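Okay, so here's the structure we're looking at.
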Amino acid sequence: MTINTAVAADHNAPPITAELAKFVAEHRSQGWSESVEHEAHRTFLNWLGCAIGAARHEAVESALAAVHMLSPAPQATLAGRAERVDMASAALINGISSHTFDFDDTHLKTIIHPAGPVASAVMALAETQNSSGRQVLDALVLGIDVACRMGNLVYPEHYDRGWHITGSTGTLGAAAACARLLGLNAQQTAMALGIAASQPVGLREQFGTMTKPFHPGGAARAGLMSALMAKHGFTSSPRSLEAPRGWAQVLSTKYDWREAQDELGQRFEISFNTYKPFACGIVIHPSIDACAQLRAQGVKPEEVQSIELRVHPLVLELTGKKTPQDGLQGKFSVYHGCAVGLLFGRAGEEEFSDHIVRREDVVNLRNKVQAVVDTSVREESVHVTAHLTDGRSVKVHVEHAIGSLQKPMTDTDLEGKFRDLSDPILGAARVNDILKSCWSLGTAPNLQGLLALLKP
Numbered sequence: 001m002t003i004n005t006a007v008a009a010d011h012n013a014p015p016i017t018a019e020l021a022k023f024v025a026e027h028r029s030q031g032w033s034e035s036v037e038h039e040a041h042r043t044f045l046n047w048l049g050c051a052i053g054a055a056r057h058e059a060v061e062s063a064l065a066a067v068h069m070l071s072p073a074p075q076a077t078l079a080g081r082a083e084r085v086d087m088a089s090a091a092l093i094n095g096i097s098s099h100t101f102d103f104d105d106t107h108l109k110t111i112i113h114p115a116g117p118v119a120s121a122v123m124a125l126a127e128t129q130n131s132s133g134r135q136v137l138d139a140l141v142l143g144i145d146v147a148c149r150m151g152n153l154v155y156p157e158h159y160d161r162g163w164h165i166t167g168s169t170g171t172l173g174a175a176a177a178c179a180r181l182l183g184l185n186a187q188q189t190a191m192a193l194g195i196a197a198s199q200p201v202g203l204r205e206q207f208g209t210m211t212k213p214f215h216p217g218g219a220a221r222a223g224l225m226s227a228l229m230a231k232h233g234f235t236s237s238p239r240s241l242e243a244p245r246g247w248a249q250v251l252s253t254k255y256d257w258r259e260a261q262d263e264l265g266q267r268f269e270i271s272f273n274t275y276k277p278f279a280c281g282i283v284i285h286p287s288i289d290a291c292a293q294l295r296a297q298g299v300k301p302e303e304v305q306s307i308e309l310r311v312h313p314l315v316l317e318l319t320g321k322k323t324p325q326d327g328l329q330g331k332f333s334v335y336h337g338c339a340v341g342l343l344f345g346r347a348g349e350e351e352f353s354d355h356i357v358r359r360e361d362v363v364n365l366r367n368k369v370q371a372v373v374d375t376s377v378r379e380e381s382v383h384v385t386a387h388l389t390d391g392r393s394v395k396v397h398v399e400h401a402i403g404s405l406q407k408p409m410t411d412t413d414l415e416g417k418f419r420d421l422s423d424p425i426l427g428a429a430r431v432n433d434i435l436k437s438c439w440s441l442g443t444a445p446n447l448q449g450l451l452a453l454l455k456p
């Protein structure tokens with residue numbers, strides 16, 4: 001067998017591992033603007049609502065049953081559940097829960113859902129460390145910055161190859177955040193990043209199955225364990241991220257080192273976080289928005305002969321399931337998204353339930369949706385034409401969907417989403433108290449009050 005030892009590589013890469021480790025370990029607490037600080041609170045609130053909302057989903061039940069076979073020590077809280085498990089398992093389960101509805105935050109430049117891995121790891125560790133809310137937010141901002149900068153560095157080639165970028169970068173973000181929370185120095189943090197670099201999680205083949213939400217959960221657990229191992233002296237290569245056989249050059253054919261370095265400590269990637277109004281893959285959102293606009297303009301489902309979409313190629317690659325059979329598959333069907341957008345004017349978790357996916361009127365309307373790839377259409381845009389039975393055609397063009405950076409969800413919108421997800425699990429009165437705790441997290445002496453509220 002011939003072994004290829006001549007794979008092209010950059011042998012002169014800058015010391016990205018050391019630079020990011022120093023940044024995470026030494027950047028001053030709350031060393032950012034008020035807008036970044038506010039976005040950190042919004043990110044945490046949105047992550048927690050998603051985690052609570054899916055707390056009783058069958059994916060969470062299955063994963064928790066497996067965890068219980070390990071007889072975990074009751075160290076940490078599971079959002080929306082009465083059980084307590086060890087902190088590594090809590091990171092796993094809360095990460096799975098937060099991503100199960102596909103309703104979590106999105107860093108649009110890379111399609112990373114950064115809070116899932118990072119917040120899930122931080123929350124589990126913070127409980128056992130009795131960390132303050134300030135320490136939690138510092139770790140969240142810095143961990144997300146590492147994950148998204150590394151995503152910027154390799155996107156889109158890394159994603160196009162088939163990696164689920166949320167999991168593959170999430171291990172690094174979770175490791176960085178936990179290293180910060182543990183108070184590791186720069187050298188120890190570099191070791192944590194190196195250990196995490198050997199554990200990328202997630203293949204896009206798994207989209208539409210329970211294994212997709214496993215990716216942020218698995219990344220949270222791996223990142224947490226990486227930081228704990230580094231704390232106790234476990235070693236790794238000090239060039240794990242940038243070396244010729246390191247994370248970036250092995251996982252991608254693109255590695256733009258400047259993306260990790262430029263404005264480090266001045267520009268924070270959490271500033272570019274967005275939050276979903278619709279519980280599905282982000283590339284479907286413009287189409288749902290457009291079909292909801294058709295409904296608002298008076299177009300009725302029974303009048304529709306066909307709905308024609310012109311979309312970016314990634315839309316059909318990621319969400320081209322024409323005949324989804326359950327809710328998880330429905331989240332990756334632009335056809336289903338359009339149908340519920342027109343029928344209900346919304347696309348929350350209920351519209352992606354198994355029941356709705358199989359409902360006759362939904363299926364009938366879904367079958368009338370036709371999608372055509374148009375390379376001139378951007379990922380965040382769509383052109384929709386509804387052809388009606390009376391011969392009329394109604395057109396809608398969405399340049400940027402609701403929930404994008406250009407049309408962001410307000411704090412009030414986020415609270416409404418949180419209530420929709422959490423009220424059925426914990427009750428409206430308790431949810432009111434959780435919301436207050438989330439908005440004041442930065443001044444909380446610890447998380448004990450919030451954690452007590454998360455148990456049903």
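Here the working numbering is used: the first residue of the sequence shown is 1, the next is one more, and so on. Note that CB positions come from ideal geometry on N, CA and C, so glycine has one too. Remember, predicted model here, so these are calculated numbers, not experimental data.
1) Between the beta-carbon of LEU82 and the beta-carbon of SER97, is there less than 9 Å?
2) Do ALA219 and GLY208 have their C-beta atoms within less than 9 Å of each other?
3) Please identify the residue among ILE307, THR169 and ARG378 whose C-alpha is closest to the C-alpha of SER393.
4) Given a cut-off of 9 Å, decide if ALA371 and LEU309 are closer than it, judged by their beta-carbon atoms.
5) Looking at THR323: is its Cβ nearer than 9 Å to the Cβ of PHE332?
6) Would LEU140 and ALA115 qualify as a contact pair, given that the criterion is a beta-carbon distance under 9 Å?
7) Under 8 Å, with one C-beta from each stretch per pair, do the stretch 188 to 197 and the stretch 128 to 142 reach the 3-pair mark?
8) By DSSP, does LEU388 sit in helix, in strand, or in coil?
9) I need the DSSP call for LEU457, collapsed to helix, strand or coil.
10) Is it true that the CB of HIS336 sits closer than 9 Å to the CB of VAL362?
11) Does HIS383 come out as helix, strand or coil in the three-state DSSP assignment?
12) Spell out a yes or no on whether the stretch 107 to 114 and the stretch 158 to 174 are touching, meaning 3 or more CB-CB pairs, one atom from each, closer than 8 Å.
13) Can you check the stretch 129 to 191 for any alpha helix (DSSP H) of at least 4 residues that lies completely inside it and give the ranges in chain order?
14) Count the other CB atoms, across all protein chains shown, that sit within 10 Å of the CB of GLY151; report buried if there are 16 or more and exposed otherwise.
15) What distance in whole Å lies between the Cβ atoms of VAL36 and ILE270, which are believed to be in contact at a cut-off of 8 Å?
16) Note the first and the last residue of the continuous beta strand (DSSP E) segment covering LYS395.
17) In or out: GLU157 buried (at least 16 other Cβ within 10 Å) or exposed?
18) Contact between the stretch 159 to 168 and the stretch 210 to 217: three or more CB pairs below 8 Å?
19) Going by beta carbon distance, what residues of the same chain come within less than 8 Å of CYS178, once the five residues before and after it are set aside?
20) With distances taken Cα to Cα, identify the nearest neighbour of THR253 among GLN297, PRO216, TYR155 and LYS417.
21) Can you give me the C-alpha to C-alpha distance between ASP10 and SER198, rounded to a whole angstrom?
22) Quick one: residues in its chain with C-beta nearer than 7 Å to the C-beta of GLY348, no 5 flanking neighbours on either side, listed in chain order?
23) From what residue to what residue does the alpha helix (DSSP H) around SER62 run?
24) As an exercise, report each continuous alpha helix (DSSP H) stretch of at least 4 residues that is fully enclosed by the stretch 13 to 37, in chain order.
25) In terms of residue numbering, what span does the alpha helix (DSSP H) encompassing ILE288 cover?
26) Under a Cβ-count criterion, where at least 16 other Cβ atoms within 10 Å of its own Cβ denotes burial, should LEU182 be classed as buried or exposed?
27) With DSSP as the reference, please indicate the residues paired to GLN370 in a beta bridge.
28) For ALA40, which residues from the same chain have a beta carbon less than 7 Å from its beta carbon, with the 5 sequence-adjacent residues on both sides left out?
29) Compare the beta carbon distance of CYS148 and HIS107 with 9 Å and say whether it is the shorter of the two.
30) How many angstroms separate the CA atom of GLN406 from the CA atom of GLY391?
31) Less than 9 Å between the beta carbons of ASN46 and LYS436, yes or no?
32) Who are ARG84's beta bridge partners in DSSP?
33) Excluding the 5 residues flanking PRO445 on each side, which residues of the same chain have their C-beta closer than 7 Å to its C-beta?
34) GLU259 to GLY53, Cα distance in whole Å?
Let me spell this out:
1) Here the question's residue 82 lines up with position 82 in the sequence shown. Here the question's residue 97 lines up with position 97 in the sequence shown. One point to set straight first is that residue 82 is Ala, not Leu, in the sequence displayed. Result no, Cβ atoms of ALA82 and SER97 do not sit closer than 9 Å.
2) For the purposes of this step, residue 219 is taken as the residue at position 219 of the sequence shown. For the purposes of this step, residue 208 is taken as the residue at position 208 of the sequence shown. Going by C-beta atoms, ALA219 is not nearer than 9 Å to GLY208.
3) Taking the first residue of the sequence shown as position 1, residue 393 is located at position 393. When only C-alpha atoms are compared, the closest one is ILE307.
4) Looking up residue 309 in the sequence shown gives position 309. Looking up residue 371 in the sequence shown gives position 371. Less than 9 Å divides the Cβ of LEU309 from the Cβ of ALA371.
5) The residue labelled residue 323 in the question sits at position 323 within the sequence shown. The residue labelled residue 332 in the question sits at position 332 within the sequence shown. Not in contact: THR323 and PHE332 (Cβ atoms no closer than 9 Å).
6) Working through the sequence shown from its first residue, we reach residue 140 at position 140. Working through the sequence shown from its first residue, we reach residue 115 at position 115. Yes; because the gap between Cβ atoms is below 9 Å, this pair is in contact.
7) The answer is no - the stretch 128 to 142 does not touch the stretch 188 to 197, with fewer than three Cβ pairs under 8 Å.
8) Here the question's residue 388 lines up with position 388 in the sequence shown. LEU388: strand per DSSP, three-state reduction.
9) With the chain covering only 1 through 456, there is no way to say anything about residue 457.
10) Working through the sequence shown from its first residue, we reach residue 362 at position 362. Working through the sequence shown from its first residue, we reach residue 336 at position 336. Contact: yes.
11) Taking the sequence shown and counting its residues from 1, one reaches residue 383 at position 383. Three-state result, HIS383: strand.
12) Contact holds: three or more Cβ-Cβ distances are below 8 Å.
13) Qualifying alpha helix (DSSP H) stretches, in chain order: 133 to 154, 157 to 160 and 165 to 182.
14) Mapped onto the sequence shown, residue 151 falls at position 151. With 16 or more other Cβ atoms within 10 Å, it is buried.
15) Reading the sequence shown from its first residue, position 270 is the one you call residue 270. Reading the sequence shown from its first residue, position 36 is the one you call residue 36. Between ILE270 and VAL36 the beta-carbon gap is near 6 Å, inside 8 Å, which marks them as a contact.
16) Taking the sequence shown and counting its residues from 1, the one referred to as residue 395 is at position 395. Segment 393 to 398, the beta strand (DSSP E) holding LYS395.
17) Reading the sequence shown from its first residue, position 157 is the one you call residue 157. Its Cβ having fewer than 16 others within 10 Å, GLU157 is exposed.
18) The stretch 159 to 168 is in contact with the stretch 210 to 217.
19) Numbered from its first residue, the sequence shown carries residue 178 at position 178. Cβ neighbours of CYS178 beyond the five flanking positions: ALA121, VAL122, LEU125, ALA139, GLY143, ALA192, GLY223, LEU224, SER226, ALA227 and LEU228.
20) Here residue 253 refers to the residue found at position 253 when the sequence shown is read from its first residue. Out of GLN297, PRO216, TYR155 and LYS417, the CA that lies nearest to the CA of THR253 is found in TYR155.
21) The residue you call residue 10 lines up with position 10 of the sequence shown. The residue you call residue 198 lines up with position 198 of the sequence shown. Taking the straight line from one Cα to the other gives about 19 Å.
22) In the sequence shown, counting from the first residue as 1, residue 348 sits at position 348. Around GLY348, the same chain offers ALA279 and ASP420 as residues with beta carbons nearer than 7 Å, after the five sequence neighbours per side are excluded.
23) Reading the sequence shown from its first residue, position 62 is the one you call residue 62. Annotation: the continuous alpha helix (DSSP H) that includes SER62 extends over 58 to 68.
24) Fully enclosed alpha helix (DSSP H) runs of 4 or longer: 16 to 26.
25) In the sequence shown, the residue the question calls residue 288 occupies position 288. Its alpha helix (DSSP H) spans residues 285 to 296.
26) Residue 182 sits at position 182 when you count from the first residue of the sequence shown. Of the other Cβ atoms in all chains shown, 16 or more fall within 10 Å of the Cβ of LEU182; this residue is therefore buried.
27) As a position in the sequence shown, residue 370 is number 370, starting the count at 1. DSSP lists GLU308 as the bridge partner or partners of GLN370.
28) Translated into positions along the sequence shown, residue 40 becomes position 40. The residues are LEU137, LEU140, VAL141 and ILE270.
29) Here the question's residue 148 lines up with position 148 in the sequence shown. Here the question's residue 107 lines up with position 107 in the sequence shown. Yes, the pair counts as a contact, with Cβ atoms nearer than the cut-off.
30) Position 406 of the sequence shown, counted from the first residue, corresponds to residue 406. Position 391 of the sequence shown, counted from the first residue, corresponds to residue 391. Using only the alpha carbons, I get a separation of about 34 Å.
31) The residue given as residue 46 occupies position 46 in the sequence shown. The residue given as residue 436 occupies position 436 in the sequence shown. In terms of Cβ geometry, ASN46 and LYS436 do not form a close pair [threshold 9 Å].
32) Residue 84 sits at position 84 when you count from the first residue of the sequence shown. Beta-bridge pairing links ARG84 to THR77.
33) Here residue 445 refers to the residue found at position 445 of the sequence shown. The beta carbon of PRO445 is closer than 7 Å to those of SER132 in its chain, skipping five residues each way along the sequence.
34) Stepping through the sequence shown from its first residue, residue 259 is reached at position 259. Stepping through the sequence shown from its first residue, residue 53 is reached at position 53. Cα-Cα distance, rounded: 34 Å.
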